[in-house]
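The structure under discussion appears below in the form of structure tokens.
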Amino acid sequence: MSEKIGILTGGGDCPGLNAVIRAVVRKSILYYNYQVLGILQGWRGLLEYGLTEELNLDKVSGIIHRGGTILKTSRTNPFKVKDGVKRILEKKKSLGLSAIIVVGGEDTLGVATKLFEEGVEIVGVPKTIDNDIWGTDYTFGFDTAVNIAMDAIDRVHTTAESHNRVMVVEVMGRHTGWIAIEAGIAGGADFILIPEKPVDLDKVCDAICKRHARGRDFSVVVVAEGAKIATEEVDQKEEVLVVQDEKKDAFGHVRLGGIGKLLASEIEKRTGFETRFVILGHIQRGGSPTAFDRMLGTRFGISAVDLVHRKEFGKMVSLRGNKIVAIDLKEATSKAKRIDEELYEIAEVFFG
Ligand code: F6P
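Here it is in structure tokens:
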């Protein structure tokens, strides 16, 4: 009987997930004669019944260009479910899985790290549009999100210029400003606000005023959803995180979003320039992956299966330079990868 491995995708979806699934299935079946079981809806698929399906070459044919994940996803945290870990251990056994490939971001891989410590044979694959997983130069999904955000900034530019307005573009990025910085620099933003670098609003407004005084009477400001600013309504020194919903998910995260609106109203109030805002939201996570993300997802998927074959468990595949290497899941999930100081310094050259 051939060995059977499982694969699941958890957390927020992102473009490139189907490329990973396709690569895992083809390499497993064609090179190692494994059976592959798709576990549906992230960790929920190992807690409930009826959430698995066998994956064959046919099932993964024609999916590389598709966004999202054919395995579906959820933000289920087995450590918050009664007897969650016990149920997962039993389910893995009853399904006859010799290993599980877990494709996820900080939360899903955090669970994978702990389950590996409980004895589950796991290999991790990092995904997130936020690009904030420690130990890998890039996660797939990020390049697509940056290109979508850059395109939006380009579009906002022409309308800002026609109306002599300030336009604020809010992008995703819960703990880090990778999308904001890269899309902002590439899109020619006049100021970029990110979670790693809280700035005084006066500095933002000064930069805009300086630019308008030079005769460039429109500006584009990019802000990451997780950036914090001080407002007049609260203590000037206290920075506020703008949330859509205080309710926490299974991993303790609130729903962010809305800082763009607050920022736009503060800029208009302080500078007198007419200001509008747009929130890109999930548009950044949807649709077809770029070639870079299809390639990275494919390379990650192939390497993950090779790690399973070599029985190197408790590892995460990662991109270092142009090589795919394996690092300990424990190290990868120990902290977030924040933006490089030198990247911020490059962005600053174009402020104002
Ligand atoms: O973690 C990726 C991410 O896209 C964040 O940038 C964002 O804050 C969050 O997911 C949104 O999650 P949801 O789709 O559950 O609202």
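Residue numbers (my numbering): 1 to 352. Ideal Cβ positions, reconstructed from N, Cα and C, are used throughout, including at glycine. Remember, it's a predicted structure, so these values are computed and weren't measured experimentally.
- Apart from sequence neighbours up to five positions away, the residues of its chain that approach Q35 with a beta-carbon distance below 6 Å are S2, K4, ordered along the chain.
- Proximity to L262 across R211, A189, G68, E170 peaks at E170, based on C-alpha coordinates.
- Relative to the non-hydrogen atoms of the ligand F6P, the Cβ of E246 never comes closer than 8 Å to any of them.
- Fully enclosed beta strand (DSSP E) runs of no fewer than 3 residues occupy 99–104, 122–126 of the segment 55–140, in order along the chain.
- Using a Cβ-Cβ distance cut-off of 8 Å, the segment 173–185 and the segment 122–134 are in contact, since at least three pairs of beta carbons, one from each stretch, lie closer than that value.
- Contact between I70 and I21 holds, with the beta-carbon distance rounding to 6 Å and staying under 8 Å.
- A heavy atom of the ligand F6P is found nearer than 8 Å to the CB of G12.
- Two segments are said to touch when three or more pairs of C-beta atoms, one from each, lie closer than 8 Å; by this definition the segment 58–74 touches the segment 6–21.
- Around the C-beta of D107, 16 or more other C-beta atoms lie within 10 Å, and the residue is accordingly described as buried.
- Annotation for R44 indicates a beta carbon at 8 Å or more from all heavy atoms of the ligand F6P.
- As the crow flies, the alpha-carbon of R270 is around 15 Å from that of F218.
- If only complete runs of 3 or more residues are kept, the segment 136–224 shows the beta strand (DSSP E) at 166–171, 191–193, 219–224, in order along the chain.
- As computed with DSSP, I39 is found in a beta bridge with L8, T52.
- Counting C-beta atoms within 10 angstroms of its own C-beta, L329 has 16 or more neighbours from the protein chains shown and is therefore classed as buried.
- For a cut-off of 8 Å, the C-beta gap from G177 to A227 is around 7 Å, short enough to register as a contact.
- Per the coordinates, the alpha-carbon of H65 lies some 19 Å from the alpha-carbon of G104.
- Between the alpha carbons of G110 and D249 lies a gap of roughly 15 Å.
- With a 10 Å radius around the Cβ and a threshold of 16 neighbouring Cβ atoms, K80 comes out exposed.
- At least one heavy atom of the ligand F6P sits closer than 8 Å to the Cβ of D249.
- When C-alpha distances from L57 are compared across I179, V25, K86, A207, the shortest belongs to V25.
- Residue ranges of uninterrupted alpha helix (DSSP H) with 4 or more members, entirely inside the segment 227–309 and ordered along the chain, are 259–271, 291–309.
- DSSP places L319 in the uninterrupted beta strand (DSSP E) bounded by 315–320.
- Cβ contact annotation for V308 (same chain, cutoff 7 Å, sequence separation greater than five): I5, A99, I101, V123, in chain order.
- For the ligand F6P, no non-hydrogen atom lies closer than 8 Å to the CB of E182.
- Relative to the ligand F6P, the beta carbon of L256 is positioned inside 8 Å of a heavy atom.
- In the displayed model, I339 falls within coil according to three-state DSSP, outside both helix and strand.
- For V325, the three-state secondary structure derived from DSSP is strand.
- A heavy atom of the ligand F6P is found nearer than 8 Å to the CB of D130.
- In the three-state reduction of the DSSP assignment, G16 falls in the coil class, being assigned neither a helical nor a strand state.
- Taking all protein chains shown into account, H282 has fewer than 16 neighbouring C-beta atoms within 10 Å of its C-beta and is therefore exposed.
- Between the segment 184–204 and the segment 137–156, the count of Cβ pairs shorter than 8 Å is three or higher; the stretches touch.
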